[in-house]
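Chains A and B supply the protein sequences, listed in that same order. This note's numbering runs 52 ahead of the 1-based position in the first sequence. This note's numbering runs 588 ahead of the 1-based position in the second sequence. Using N, Cα and C, we set each Cβ at its ideal position, and we do this for glycine too.
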Amino acid sequence: MSALLRWWESLLQAAEKRLPALTRHRQPEALPITLHHRRVYILPTRFGLFFGLIAFTMVIGSLNYNNNPAMLFAFLVVAISMLSFHHTVGNLRGLTLKSIRAEPVFAGASIRLKLSFREVEQRSRPGLILDLGAAESRLALPENSDTEVEIELPTMRRGWFRPGRFRLWTEYPFGIVWAWSYLHPERQFIVYPKPETNPPPLPIGNREDHGTRMRSPGEEWQGLREYRQSDPPRHIAWKQSAHADAMLVKEFADPISDAICLDWHGLDSLDHEARIARLSAWTLAAQAEGLSFRLRLPNQELGPGSGDEFSARCLTELALLP
Amino acid sequence: MNETIHRRDILYLTWTMLLVVLAHVHWLPFVLTGTFLGLLALKLAWTQWTDRPVPLSVRLGMMLLVLALLVWSVGSPVGREGGSALLICLQAMKLLETRNRRDARILIGVAFFTSMIAFLFSQQILPTIYALMVIAVLFGCLYALTPNYLTQHESLADALKRTLPNAGKLALAAIPLAGVCFLFFPRLSAPLWGTPWDARGGKTGISDRMRPGMISALWNDDTPVFRARFDGPVPPAPMRYWRGPVFWMFDGTTWAGASRFAYERGVKLSFNDQQTIRYELQMEPTEQTWMFPLDIPFDSDATDLRWFSDGQVVSRRPVIEPRRVQFTSALQYEFESELSASHRQSALGLPWRGNPKSKALAASWRDKHGQDGMAIANEALAFINASFEYTLEPPPLRGDSIDDFLFNTQKGFCEHFSSSFVFLMRAAGVPARVVTGYLGGVYNETGGYLLVRNSDAHAWAEIWLAGRGWVRIDPTGAVAPDRINRGSVGAAFPESQSWFKRGWLGNLAMQSDWIAARWRDLVIEFNADRQSRLLEPFGLEKIGRREMALGLIALGTLALALGAWWSMRQYRRRAERDRLALAYQRFQARLGKRGLTIESSEGPTQTLARAAAKWPERSEELSALIHSYIACQYGHQQDADVRRRLIRQLKAF
C-alpha cells in the first residue's frame, strides 16, 4: 500500500514538473511570477483548426496534381504558420508579473486590481489578454518596459478577497494557435463591509467641542512617536525630530470623554450584518468629520484614534468580523 | 473573440481580396472580373458610409446575380474554370457580409486557397513570385486581426506598416523550411484523383481544324509552346519546320485531319543516316496531344506516342503538364515513296462543287505538264509569286473562298497560301495535303535552346511526287521568303511587331525566357523521379521513401529552428547584455585573484577607485574600461559593436 502511495507521489511530482498548471499552479504562489516555457501551453484555436484543414487540402491538392509552384505555396503557408507557434509562445515566455495592487473597496462595488507586468527581454508583446472568469482585460507591452493593467472584478462579500487564478493568453501573431499560462498570485485584498445607507447620526455627546478645537502643545502631552502619513503637520515635533533619525510627532492623550464611542454592544436591536453596516457607516462619517473615535467590537477595542489610517483599520477589523 | 472588427481592418481585408483576385484576371471572364471589382467597390463604399451590415436582401440579390453571370460566362461551376470562378465569387460574397473577426478569418483562410488555385492556370515564375508575396499580405491581414487594444485607432497605412514587415519577415524565415518540405516531401507517383480539368482539347495553339484565321489568331500569342535543345548544331532557319497536325480533308472552307489514317502505324521513311538530328523537346502544357517534332521524325524515347503514317506524332495523353520528349529526325528523306490507293484518293479529294475558276486553272496546268507534279507545282508557285501579297490583315473572303483569294483579293498569309496551293495541286491531279505546325523559333544564347512560341505557327503544303515521295513545298516562301529564312513572322514583318519585341527589350525578353526555362527546369518539372535522384550529386544512390521522410524530419527541424532563430533574433540583444554582465563578473574575479577583493555590494565606480589606487600605473586603462562598462550597462550606449568590443577588452584584461 505504501509502495503504491509512493508511486502515486512520484507520479504527481513528475506531472507537476512537466505540467505545473495542472497541479502546482492551482496553489497560489508568491510574487513575482515569471512565465517560463514550462508553464506556457499552446493549442490551436478554432480558426487554427479550419486553417489546418485548408492547409492540408492545399498540400494534398498540390501533391496530387504534382503542381510544384502550388506545392511551394502550400509549404510556405504551412512553414509560416509553424513558425508562428514559436512566436505565440514567445509572446508569453519570460514575462513577469511583478506586483498586484488594489484600493480597498466596499462590498458590492468592483475592485480594480492593478497588475504590473515587467518585460525584461527586449521585445514588444502585443495582443495579450488577461482574464479571470468573466472579467477580461487587454494589454500590450512595449519593449523593455513595465506595464500596468487594470482588471475590474465584482466583490460580493466583506472580508478577504482572493482574486484566484488569472489566465494570461495570446493569439498573436495570426490567431492560428493560442498560448496561455496561469498566474495564481498569493495576494489578498480587503473588502470593507458595505456601509448602511442613510445611517442614523453619529452617537455624539457634545458635538460642538470636537473637531474644531485647537490643542496647544503641552496639553495632555503623552509622548513622541514616529510620524504616520495621517498625522497633521502641526503635531510634528520639529526640534526632537532634528535630533533623532526619524520624523517624530507629539502624541496627545485624548481625554476619553472627548472621543465618541462606536459600540458594537450598543446596537443590540440589529442583527449581526446590520450592526457591521451601521458601524461601518459611522466610521466613515466620523472620518469625514475628522472626529476622534473609539470602535468597540465583540472581541477587541480600537482607538481612540482619527484619520484615514485609523478608520481604514477599523473598517478592516469590521470586514474581518466572523 | 467574435467581435465586430474595425473599419480599417475591413478596408485592409478588401484591398487584400483585390490582390488575391488579381492573380486570376488573366483567365477570369471580364464579366466576372468586373462583378468582383464592383462587389469590392460596394464593400469599400458601404464601409466608408455606414457601420451597419449590408442588408440580407442586397446580399441575396447580389448572390443570384453573380451566380447567373458565372453560369453565363464560364458555364458549369464544376471543373477547373467553373470551380475556381465559383470560389472567387463566394469569396466576394463572403467579403460583402464580413463584419466580425470570425468571418474575416474564414475569408482569409479561403483566400489562401484561392491564391493557390491560380497555379492551375499558370505555373510561370512571375505569377509564383506574386502569389508568394500575397502570402505575406494575407498573413499581415491575420496579424492585423489579432486582438490588440494598442492598435484600435491606427489608420490603414499604419496597420500596413506594422503588420506587413512582420509578416514578411516571418515569410522570409519560413523559406528554408518550405524549401526542405518541397525537396523532401514524398511525392505521389500517381495522382490520388483525376486531373483538375477534363482534357477536352486546348484553348490556344494549333488546332485540329484549319479555318481561316486560325493561325493569324496565334500570331498575337507569344506564349512558348516548346523549347528545343539540340545534341548537335542547331539546324538553319529554313530547316526549322516543326510538324503538327496534317490536314487531308477539305469541305470548301475548313481543312480537317483524316480519321482513317489515325491508326495506321509508322512512318514509311527512308533516310540518310548521316543527315539525322537528335534533340529534346521541352513542351509547355498545351492541353493537346500533338507533339511538334522537326520534319520528319522517326524515333523518340517516349513510349506513349502514336506515330501516324502521315508523319504526325501524337501523345496518348494531353500535355497538361510540362514534359520532355527526345526525338530523332531525318533532314533528308524519302517519305512514303509508294502511295497506296486509299492515300492517293484522300490526297486528291476536293468538294465537287465550287471554285470553278481555280479548278479550270489547275486543269490547264495538267493539260500542259501531264504527270509531272513538280512542274505543276512550279507553275503554281510562279502564279502565286507573280502578283500575290503577304499580309497579316487580309480582306475577308466571300463566296468561293479559293477563287476569291486566287483571282480577287490575292492578299493573305500562310493559311491562305497553303490551302489554295493544295487545292490547285489536287485539282491538277497531284496528291497534296496541308501540314500545320510551327516554323522557326528564336535561339536563346543564354540557355542554348531554340524557343518556339505560338506566334511561330505556320502552315505549309506537301505534294506527292512519283519516285520522291512526299515533298514539302511552302507556297508562303514564294511570296515572303523572309518568313522562312529568318524563321519568324516578326522577322518577315518587323513593322508588324509590337515595340516591345524589338531592340534591347527584345533581348530582355530572351533573357526572361531563359529564366522561365530555368524555372521550368528546376521547379515545375521537379517530380518523384527527380526527387529520388536528389542526393546523387553527393555520391549517394537513389533514396527511398524512408530516407526521404527522415531527411524531411531532420532538415525540417533544422530549418524550423533556423527560421525561429532568425525571426526571433531581436531577443538576442538581451543575451548580449547578459554576456556583458558575465564578462564583467569574470573581470571582477580576475581582479580578485590579483588581490583586490570586491564586495558584492560594491558598484563599478567604487571598484574603479580602489583598483586605480592599487595599480596606479594602469589607472587610465581601468578607468576607460569601467566607464565604458557603466555607459553600456547603465547608460544609453546601445551600439552593439561598442558592446562587443568592450566584452573583448574585459576578457583580455
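Please classify residue i as buried or exposed, where buried requires at least 16 neighbouring CB atoms within 10 angstroms.
i	result
L1138(B)	exposed
N119(A)	buried
D597(B)	buried
N143(A)	buried
I228(A)	buried
V92(A)	buried
R265(A)	Residue confidence is low: R265(A) scores 43 on pLDDT, short of 50, so the model does not pin down where it sits. No coordinate-derived value is stated.
T207(A)	buried
R346(A)	buried
P350(A)	exposed
K166(A)	exposed
W660(B)	exposed
P1192(B)	buried
R330(A)	buried
N258(A)	With a pLDDT of 40 at N258(A), under the threshold of 50, the modelled position of this residue cannot be trusted; read the value that follows with caution. Burial call: exposed.
G185(A)	exposed
P255(A)	exposed
H1004(B)	buried
T638(B)	exposed
I794(B)	buried
H612(B)	buried
R1233(B)	exposed
DSSP state of residue i, grouped into three classes?
i	result
K302(A)	strand
H287(A)	helix
A1049(B)	strand
W836(B)	coil
G342(A)	coil
D746(B)	helix
T264(A)	Annotation note: pLDDT 41 at T264(A) (below 50); position unreliable, coordinate value reported separately. The answer is coil: DSSP assigns T264(A) none of H, G, I, E or B.
G355(A)	strand
R280(A)	coil
A187(A)	strand
D786(B)	Residue placement at D786(B) is flagged as unreliable, the pLDDT there being 45, under the threshold of 50; a coordinate-derived value is accordingly withheld.
M798(B)	strand
N258(A)	The pLDDT assigned to N258(A) is 40, lower than 50, so where the model puts this residue is not dependable, and the model offers no usable value.
K548(B)	The requested residue 548(B) does not occur in the structure, where chain B is confined to residues 589 to 1241.
W895(B)	strand
I1235(B)	helix
F1009(B)	helix
Where do the ends of the beta strand (DSSP E) carrying residue i lie?
i	result
D360(A)	Segment G359 to A371 is the alpha helix (DSSP H) holding D360(A); no beta strand (DSSP E) there.
E200(A)	D198 to P206
I228(A)	Element bounds for I228(A): n/a, residue is neither H nor E.
E868(B)	T864 to M871
Q914(B)	R911 to A918
D183(A)	R177 to L184
Y93(A)	Y93 to P96
V813(B)	P812 to F818
K166(A)	S162 to E171
Any beta-carbon of chain E closer than 9 Å to the one on residue i?
i	result
E1113(B)	Included in the structure are the protein chains A and B, with no chain E among them.
What residue does the alpha helix (DSSP H) around residue i start on, and which one ends it?
i	result
I696(B)	R689 to I705
V243(A)	Per DSSP, V243(A) belongs to no alpha helix (DSSP H); it is in the beta strand (DSSP E), F241 to Y244.
W953(B)	P944 to H957
T716(B)	I713 to L733
G961(B)	G961 to S975
Sequence ranges, alpha helix (DSSP H) only - wholly within the segment 1114-1197 of chain B, length at least 4: Taken in chain order, the complete alpha helix (DSSP H) segments of 4 residues or longer contained in the segment 1114-1197 of chain B are 1116-1120, 1133-1155 and 1160-1181.
Three-pair Cβ contact test at 8 Å for the segment 939-953 of chain B versus the segment 983-1002 of chain B: yes
The segment 214-224 of chain A touching the segment 126-142 of chain A, judged by at least three CB pairs closer than 8 Å: The segment 214-224 of chain A vs the segment 126-142 of chain A: in contact.
Segment contact, 8 Å Cβ cut-off, at least three pairs: the segment 127-136 of chain A with the segment 722-741 of chain B: With the rule of 3 Cβ pairs closer than 8 Å, the segment 127-136 of chain A counts as touching the segment 722-741 of chain B.
Length-filtered (4 minimum) alpha helix (DSSP H) runs lying within the segment 590-674 of chain B: 595-610, 618-637 and 644-662
Validate contact between the segment 945-959 of chain B and the segment 1010-1028 of chain B using beta carbons, cut 8 Å, 3 pairs: yes
Touch test, the segment 921-937 of chain B against the segment 1045-1058 of chain B, Cβ-Cβ under 8 Å, three pairs minimum: yes
Cβ pair count under 8 Å reaching 3, the segment 903-913 of chain B against the segment 951-966 of chain B: no
The segment 755-765 of chain B in contact with the segment 227-245 of chain A per 3-pair CB rule at 8 Å: no
The segment 237-247 of chain A touching the segment 198-218 of chain A, judged by at least three CB pairs closer than 8 Å: Contact holds: three or more Cβ-Cβ distances are below 8 Å.
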